[in-house]
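A.B. asks:
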Amino acid sequence: KRRHRGIDFDSTRGEPVLAIASGVVTFSGVDLPGRGTARPMRSRAANRFSPRRMGKGGRYVCIEHDTARDPENSADPPDRLVSCSMHLDEINVENGERVERGQRIGTVGRTGIKYSAPHLHFEVIRNGRRIDPSKLLEEFVIRNPPPKPKRIRRGSR
């Protein structure tokens, strides 16, 4: 059985999907049936491609985001951070296109889905490894998380 590697955001079909940060589109196209098979396409061709011929990811877009070096340790290479948005009803960007944070990259759909309602499947890849997107999104939603407790008490006082 295939492991779920991302977060699903329930939505309505046609809801705009926005870039989470600026960067360059590294994939715009469709997932094909079979493991690891995808076809990059111009948005117009991808939007006309029959959903019945798609794999589980449907129409999707991946963006390699701009990342900065750590000023404390400039010898370290910057993280390579890629986000992917899947099951899109429509793709609005092209491979190699530069996008800005908040730019519309597509619309929510249910391509590649047999039984679920429309939703956005969102994945993040950091330095070639998939990571839990909620950890990254937390940084955008909660800028200063509360400190961790120094000691945990168990039982009654």
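Under the numbering used here, the residues of the sequence shown are numbered 16 to 172, in order.
We put the beta carbon where it would ideally sit given N, CA and C, even for glycine.
Since the structure is predicted, the reported quantities are computational estimates derived from the model, not experimental observations.
Rounded to a whole number of angstroms, what is the C-alpha to C-alpha distance between Arg-57 and Ser-26?
C.D. replies: Taking the sequence shown and counting its residues from 1, one reaches residue 57 at position 42. Taking the sequence shown and counting its residues from 1, one reaches residue 26 at position 11. Near 25 angstroms, if we compare the C-alpha coordinates of Ser-26 and Arg-57.
A.B. asks: Who are the near neighbours of Glu-79 in its chain, counting only those whose CB is closer than 6 angstroms to its CB and skipping five residues on each side?
C.D. replies: Within the sequence shown, numbered from 1, the residue matching residue 79 stands at position 64. Excluding sequence neighbours, Glu-79 sits near Gly-38, Val-39, Thr-41 and Val-97.
A.B. asks: Taking the alpha-carbon positions, what's the Gly-143 to Arg-95 distance?
C.D. replies: Mapped onto the sequence shown, residue 143 falls at position 128. Mapped onto the sequence shown, residue 95 falls at position 80. Cα-Cα distance, rounded: 8 angstroms.
A.B. asks: Could you check which residue in Ala-34, Ser-100 and Pro-133 has the C-alpha nearest to that of Lys-46?
C.D. replies: For the purposes of this step, residue 46 is taken as residue 31 along the sequence shown, with counting starting at 1. Before going further, note that residue 46 is Asp rather than Lys in the sequence given. Residue Ser-100 is the option with its Cα nearest to Asp-46.
A.B. asks: Quick one: what does DSSP say Leu-151 is sitting in, helix, strand or coil?
C.D. replies: The residue labelled residue 151 in the question sits at position 136 within the sequence shown. Note: Leu-151 maps to helix in three-state DSSP.
A.B. asks: If you drop the 5 nearest sequence neighbours on each side, which residues of the same chain put their C-beta closer than 6 angstroms to that of Arg-113?
C.D. replies: Reading the sequence shown from its first residue, position 98 is the one you call residue 113. These residues qualify, in order along the chain: Val-39.
A.B. asks: Quick one, which of Asp-104, Glu-138 and Ser-149 has its alpha-carbon nearest Ala-60's?
C.D. replies: Start at 1 with the first residue of the sequence shown, and residue 60 comes out as number 45. Considering only alpha carbons, the answer is Asp-104.
A.B. asks: Which same chain residues, not among the five before or five after Arg-28, have their C-beta less than 8 angstroms away from its C-beta?
C.D. replies: For the purposes of this step, residue 28 is identified with residue 13 of the sequence shown, where counting begins at 1. Only Asp-104, Thr-122, Val-123, Gly-124, Arg-125 and Pro-133 meet the Cβ criterion.
A.B. asks: Do Thr-52 and Gly-73 have their CB atoms nearer than 8 angstroms?
C.D. replies: As a first step, residue 52 is located in the sequence shown; it is residue number 37 there, counting from the start. As a first step, residue 73 is located in the sequence shown; it is residue number 58 there, counting from the start. Contact: no.
A.B. asks: Assuming Val-139 and Ser-43 make a contact with CB atoms under 8 angstroms, what is their CB distance in whole Å?
C.D. replies: Reading the sequence shown from its first residue, position 124 is the one you call residue 139. Reading the sequence shown from its first residue, position 28 is the one you call residue 43. That belief does not hold up - the Cβ atoms of Val-139 and Ser-43 are roughly 17 angstroms apart, past 8 angstroms.
A.B. asks: Do Ala-34 and Ile-120 count as a contact pair if the criterion is CB distance below 8 angstroms?
C.D. replies: Residue 120 sits at position 105 when you count from the first residue of the sequence shown. Residue 34 sits at position 19 when you count from the first residue of the sequence shown. The answer is yes: Cβ separation under 8 angstroms.
A.B. asks: Rounding to the nearest angstrom, what Cα-Cα distance links Lys-150 and Arg-67 in this structure?
C.D. replies: As a working mapping, residue 150 is identified with position 135 in the sequence shown. As a working mapping, residue 67 is identified with position 52 in the sequence shown. Each residue's alpha carbon lies about 34 angstroms from the other.
A.B. asks: Could you give the distance in angstroms between the alpha-carbon of Asp-147 and the alpha-carbon of Arg-20?
C.D. replies: The residue labelled residue 147 in the question sits at position 132 within the sequence shown. The residue labelled residue 20 in the question sits at position 5 within the sequence shown. Near 8 angstroms, if we compare the C-alpha coordinates of Arg-20 and Asp-147.
A.B. asks: Would Gly-117 be called buried (16 or more neighbouring beta carbons within 10 Å of its own) or exposed?
C.D. replies: On the sequence shown, position 102 is the one that residue 117 refers to. Counting Cβ neighbours within 10 Å, Gly-117 comes out exposed, since fewer than 16 surround it.
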